[in-house]
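Input: a single structure, listed below in structure tokens.
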Amino acid sequence: MTTRREKIEAMLADDPQDAFLRYSLAMELQKEGEHERSLAIFDALAKQDPPHVAACFRMGQLLAGLGQIAAARSALRDGIAAARAQGDAHAAGEMSEFLTSLGALGE
């Protein structure tokens, strides 16, 4: 039986630059507890031009969940800027709320 991850990886072999497939793979890796690989993909997506806004948000959430609060804040701030630049007020608002929810954690 082929797993969801294996299916995504097979599709990526045909189109390695597909942002949706890369994001999907990062989500599957996160579910499987492969946080470093997941973060690496989210980070690459966040650094592409234009940045992948959802990847910025997920990266911030994952980093916060791993206790890497300063890195989470940085990812979220970058994501908020990218969302605003792309006219995505909804995503910017969600990330702003999550950033605020981190409060004084990790300080």
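Be aware that the sequence shown starts at 1, since it is given in my numbering, and climbs by one per residue. For each residue, glycine too, the CB sits at the ideal point set by N, CA and C.
Check your understanding: Is it the case that the Cβ atoms of alanine 26 and isoleucine 41 are separated by a distance below 7 Å?
Key -> yes
**Study point:** Contact under 7 Å by Cβ, cysteine 59 with isoleucine 80
**Key:** Looking at the sequence itself, residue 59 is methionine, so the reference to cysteine does not match. No, Cβ-Cβ distance for methionine 59 and isoleucine 80 is not below 7 Å.
Exercise for review: On a CA-only basis, which of Ile8, Pro16, Lys7 is nearest alanine 44? Give me that one, please.
Suggested key: Pro16
Review point. Any C-beta of chain C sitting closer than 7 Å to the C-beta of serine 74?
Key: Here chain C cannot be found, since the structure has a single protein chain.
Practice item. Measure the beta-carbon distance from alanine 72 to leucine 102 and round it to whole angstroms, keeping in mind my assumption that it falls under 8 Å. Key: 7 Å
Point to revise | Cβ-based neighbour list, aspartate 18, same chain, cut-off 7 Å, excluding 5 preceding and 5 following | key: Result list for aspartate 18: Leu12, in chain order.
Practice item. Please state if the CB of cysteine 56 and the CB of alanine 92 are separated by a distance shorter than 7 Å. Key: no
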